[in-house]
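K.L.:
Reminder that position 48 of the sequence shown reads as 48 in this note's numbering, one-by-one numbering, no gaps.
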Amino acid sequence: MNFGAGAFYYTDKYYVAFSVPNMLKSTYLDYNGVKYGSTAQHYFLTGGYVFDLSPTVKFKPFTMIKTAVGAPTSVDLNTNFLFNEVFEAGVSYRFGDSFGAMVNYAISPALRIGYAYDYTTSALNATTQSSHEIIVLFDLNFPKKVSRSPRYF
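(1) Would L82 be called buried (16 or more neighbouring beta carbons within 10 Å of its own) or exposed?
(2) Give me the residue from G33, T73 and A89 with the minimum Cα distance to K60.
(3) Rounded to whole angstroms, how far is the Cβ of G100 from the Cβ of S122, which I believe are closer than 8 Å?
(4) I'd like to know if V103 contacts chain C, where contact means its C-beta is closer than 8 Å to some C-beta of that chain.
(5) Please classify F8 as buried or exposed, where buried requires at least 16 other C-beta atoms within 10 Å of its C-beta.
(6) Is A17 helix, strand or coil by DSSP?
(7) My output table needs one value for A123: the three-state DSSP class, helix, strand or coil.
(8) In the segment 93 to 118, which residue ranges form an unbroken alpha helix (DSSP H) of at least 4 residues, counting only runs that do not cross its ends?
(9) Counting along the chain, where does the beta strand (DSSP E) carrying T79 start and finish?
(10) Between I134 and the rest of its own chain, which residues show a CB-CB distance below 7 Å, the 5 nearest in sequence each way excluded?
(11) Have a look at A71, K35 and F51 and flag the residue whose alpha-carbon is nearest the alpha-carbon of Y43.
See below:
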């Protein structure tokens, strides 16, 4: 069993969120006193802001800070640009661990297709040097949309 909680606040231009997805410390397997698959409390803080550089270009820097009990804190710095509400490109950097890039294209207002690449610079690269991801974003476009989060352009 596990419990988690979080808060998310946003306006048309910025957002900030805090969450604790694992509020209970648990172990999934205890074999002869050796614990496997145990979880600790993780804390996530994220935020970002959208700047209108021109009528056709938006710039969104954002960050995420992650920490867990007994583990080092991780800081991600990211930025995306949106061109003509159709093409998006961005880069990311996780201090002491990795960097990456992504692009996506709006095939229609409700469907975006993209690609992301992440290269590991830490000791983890001995087993996993990089990752490739295909991105498919759907906007369900409910008729009674109250507002739209700037977390997603």
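Each residue gets a CB set at the ideal place from its N, CA and C atoms; glycine is no exception.
P.N.:
Taking the definition as stated:
(1) buried
(2) A89
(3) Contact flag wrong, Cβ pair sits at about 13 Å.
(4) Protein chains in the displayed structure number just one, and chain C is not present.
(5) exposed
(6) strand
(7) helix
(8) none
(9) S74 to F83
(10) Y115
(11) A71
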